[in-house]
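>
Numbering (the working numbering), first residue to last: 283 to 1017.
(1) According to DSSP, is residue 727 part of a helix, a strand, or is it coil?
(2) Tell me residue 468's beta-bridge partners as DSSP assigns them.
(3) Taking the C-alpha atoms as reference points, what is the distance between residue 537 and residue 672?
(4) According to DSSP, residue 966 sits in a beta bridge with which residue or residues?
(5) Under a Cβ-count criterion, where at least 16 other Cβ atoms within 10 Å of its own Cβ denotes burial, should residue 574 be classed as buried or exposed?
(6) Please look up how many angstroms separate the CB atoms of residue 473 and residue 457, rounded, as I've assumed it's under 8 Å.
(7) If distances are taken between C-alpha atoms only, which option among 681, 655, 595 comes closest to residue 624?
(8) Pair every Cβ in the region 540-557 with every Cβ in the region 491-502, then say whether three or more of these pairs are closer than 8 Å.
(9) With distances taken between CB atoms, is the gap from residue 432 to residue 478 smaller than 8 Å?
(10) Pop quiz: residue 346 and residue 442 are said to be a contact at Cβ under 8 Å. What is the actual Cβ separation, rounded to whole angstroms?
(11) Buried or exposed for residue 376, please, with buried defined as at least 16 other CB atoms from any protein chain shown within 10 angstroms of its CB.
(12) Is the beta carbon of residue 970 less than 8 Å from the beta carbon of residue 996?
(13) When DSSP builds the beta bridges, which residues end up paired with residue 488?
(14) Taking 8 Å as the threshold (beta carbon to beta carbon), is residue 999 in contact with chain D?
(15) How big is the Cα-Cα spacing for residue 1004 and residue 924?
(16) Using the rule of at least 16 other Cβ atoms within 10 Å of the residue's Cβ for burial, across every protein chain shown, is residue 349 buried or exposed?
(17) Helix, strand or coil for residue 932, going by three-state DSSP, please let me know.
(18) For a test of the three-state rule: what should DSSP assign to residue 526, helix, strand or coil?
(19) Taking the alpha helix (DSSP H) that residue 597 belongs to, which residues open and close that run?
(20) According to DSSP, simplified to helix, strand and coil, what is residue 787?
(21) Could you name each continuous beta strand (DSSP E) segment of 3 residues or more that falls completely within the region 404-458, going from the start of the chain to the end?
(22) Count the other CB atoms, across all protein chains shown, that sit within 10 Å of the CB of residue 342; report buried if there are 16 or more and exposed otherwise.
(23) Rounding to the nearest angstrom, what Cα-Cα distance links residue 702 and residue 745 in this structure?
(24) So, are the CB atoms of residue 943 and residue 977 less than 8 Å apart?
(25) Near residue 485, what residues of its chain come up, given a Cβ to Cβ distance below 7 Å and the 5 sequence neighbours on each side ignored?
(26) Checking the sheet assignment: what are the DSSP bridge partners for residue 858?
(27) Classify residue 953 as helix, strand or coil using the three-state DSSP reduction.
(28) Do residue 761 and residue 697 count as a contact pair if the criterion is CB distance below 8 Å?
(29) Whether or not the region 555-575 and the region 588-607 are in contact is what I'm after, with contact meaning three or more pairs of Cβ atoms, one per stretch, closer than 8 Å; do they touch?
(30) Helix, strand or coil for residue 695? Go by DSSP, reduced to three states.
(31) What residue range is occupied by the uninterrupted alpha helix (DSSP H) comprising residue 759?
(32) For residue 978, name the three-state secondary structure that DSSP assigns.
(33) Shortest alpha-carbon distance to residue 732 belongs to which of 725, 752, 717?
(34) Assign residue 950 to one of two classes, buried (16 or more other C-beta atoms within 10 Å of its C-beta) or exposed (fewer than that).
(35) Residue 1027 and residue 414: beta carbons closer than 8 Å?
(36) Can you list, in chain order, the residues of its chain with a C-beta nearer than 6 Å to that of residue 1006? Leave out the 5 residues immediately preceding and following it.
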């Protein structure tokens, strides 16, 4: 999903390093036997030697057959692969190897690869092999062997069979550099792209002829040691437009910091209207994109003549027939902008906490201003400048708001925020977003986005905040469904479940100082490792959260008993939805299947959605199901406490869950409790193991001191009578 400077791609969490052959060793030996015996023995006797053949391999070109109606993205999963090809590290830098034509010596022209060339690659010295996967995300490191320092290019070829002639869109992504030919025509040439951060990155409309259509790809590693991959999906043009809108709705400008022109990428759209507005929302430029004025080389449209614009932020809007998207760009000197913001912050008279918030934003933009892209990658420069513009605009708007209101209370938009730890006086950061439409609500429901494994120590300098693709699409979906959303850090690389819990609780308290948050409507979402952390968070604090949504969660990883599947019963009263792709190669689908099975055994039914997806998806709105789910349960208020509580823990100490408080001394034993309350008869049945004590928090049940109750513990009657004035009933084991 990301820039490798900021994220080691999850595609490479586990490197199999095994080359997958299309045929077995037995089949290979059988072929050799047939070839040699078919020559009989006479030539051997006449010439006194065996026949050496360069055509011992026979791999047929894989072909994917498209249906008549193309209503989904179809991934190309089967390829003939050639490589990796080596280069001389003493004579050539790895970043220059993309230009190597490694097939020339085999009399194959890569720029004119034909179906007839398949026979030329079926030779022993080329060693072609089949890549055949359950998903289309090809991780070439898996096929490159252990030593990659002198490895440069892979070639891939496959075929598309269409029963009819029609136009489709190829949705493509790859790294580090790649070139794509379709029926001998070069249709994509992308260089120095550090990873497959969008997945649905490039969109090429092509005309399929009836019958077979040839795909040929060259994928170069460059000097990249983290991401060497390729993915190609076939889509209807209409579906591709949906994906483009989701992936590029605020990321279509290729040079977000400009001097005299901007380049715009319109993906599968060949025509649209462009409007550029100033900070006062005044229209200053209007232009039209047509198929005739898009640059063929990079598929961008250029708006020129912007050198006379005053320095500042501008809003560029693209209007399509059925939709519109917008993105801000900045004209001027970025360093001067940061210095001006710094001065303005120092002059503000606001609270210390709010000044810390603004200083966090300043730290972010100052960090970005000092970042550089060492290999002049245009995609990396674009990502960096996009981040510079986004966070600078956010902090500038916060400063302007504070200048007017003398506070940051109630500000809309996205901003970095802070809280100060009560334990260490250290300042911690989070990102908070609330839309103008959500601010109109009397009480604001809140979604907490839990991160997966992070490598940084400071949120303001972490790659996590550079994931604007995901941050912005989730912010938009939160606006659409009426939620505020917060992106927490949970200690970064120092994460533990305890640190994560303390971070989230502190963040909620800090947000409540400036916004009227509905504490009965707080939700949690996370993916993969973030899904594991989200589950652990809610399992430890089920009474704090109203719902949880996790995508491809890791539920069975048991490090110091931190597997969510060990605490399934704790979610007995929490609405939960899980979505998992059956072809997920990072977090296998069995994680969710077993979790759901254990939940059913515990007496509740999570909503479970199983898709055909792998770990990554073409469209960035893949978490939309979570927002829809939260929206569907948002009106189910948690006014009444549950009558059944199921909870287990390994933690020592005291903690409260709903209307019961437990005290556990032994940290090496697993404590469990099932507490049941009958509100009609005021009878409590408490079953537990390995607890030192528990308390019934009668005030949480809104019971008065004269309420007559019956309490049974482990099938033994221990109390009958009125509650004391403390409204707390206590039972101590062996007492």
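Glycine is no exception: its CB is placed at the ideal position from the N, C-alpha and C atoms. What you are looking at is a predicted structure, and each value in this text was computed from that prediction instead of being measured.
Once the coordinates are examined:
(1) strand
(2) 463
(3) 13 Å
(4) 959, 993
(5) exposed
(6) That belief does not hold up - the Cβ atoms of residue 473 and residue 457 are roughly 10 Å apart, past 8 Å.
(7) 681
(8) no
(9) no
(10) 6 Å
(11) buried
(12) yes
(13) 450
(14) Given the protein chain composition of this structure (a single chain), no chain D is represented.
(15) 22 Å
(16) exposed
(17) coil
(18) helix
(19) Residue 597 -> not in any alpha helix (DSSP H); beta strand (DSSP E) instead, spanning 594-601.
(20) helix
(21) 411-414, 435-444
(22) exposed
(23) 22 Å
(24) yes
(25) 451, 453, 522, 526, 549, 550
(26) 830
(27) strand
(28) no
(29) yes
(30) strand
(31) 750-763
(32) strand
(33) 752
(34) exposed
(35) The chain is shown only over 283 to 1017; residue 1027 falls outside these bounds and no answer can be derived.
(36) none
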